[in-house]
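When we follow our numbering, the leftmost residue of the sequence shown carries the number 538, and every step to the right adds one. Okay, so here's the structure we're looking at.
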Amino acid sequence: MDIKEELWQKVFDFKWERPKKVEVLSIDETEPIAMSDCRDEGGGVEIGVVFDNQNIEVFTFFFHGLRDI
């Protein structure tokens, strides 16, 4: 069992079905980012981010700008 599986079982056990794959891209103290396969759409990706208020505003601005591309 690797550390990601152990964390999932010990910390994030909501009694839901286990995800097929989870990739932790950054897990430092400042800006954690997690990426996983989307269970609802084939080939989709779910990305979770954590930012402070100032950085989430910048992220939101650029994220919504992607819709215009």
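Each residue gets a CB set at the ideal place from its N, CA and C atoms; glycine is no exception. The model shown is predicted, which means the values in this text are computed figures rather than measured ones.
Euclidean distance between Cα positions of residue i and residue j
{"i": "GLY579", "j": "SER573", "result": "12 Å"}
{"i": "ASP577", "j": "GLN591", "result": "31 Å"}
{"i": "ILE609", "j": "HIS601", "result": "An answer regarding residue 609 cannot be provided, because it is not within the stretch 538 to 606 covered by the chain."}
{"i": "CYS575", "j": "VAL582", "result": "5 Å"}
{"i": "PRO569", "j": "ASP605", "result": "27 Å"}
{"i": "ILE584", "j": "THR597", "result": "13 Å"}
{"i": "LEU603", "j": "VAL595", "result": "13 Å"}
Burial state of residue i, where buried means 16 or more other Cβ atoms lie within 10 Å
{"i": "MET538", "result": "Per-residue confidence for MET538 stands at a pLDDT of 49, beneath the threshold of 50, marking its modelled position as unreliable; no derived number is given."}
Other residues of its chain near residue i: CB distance less than 6 Å, five sequence neighbours each side excluded
{"i": "VAL587", "result": "PRO569"}
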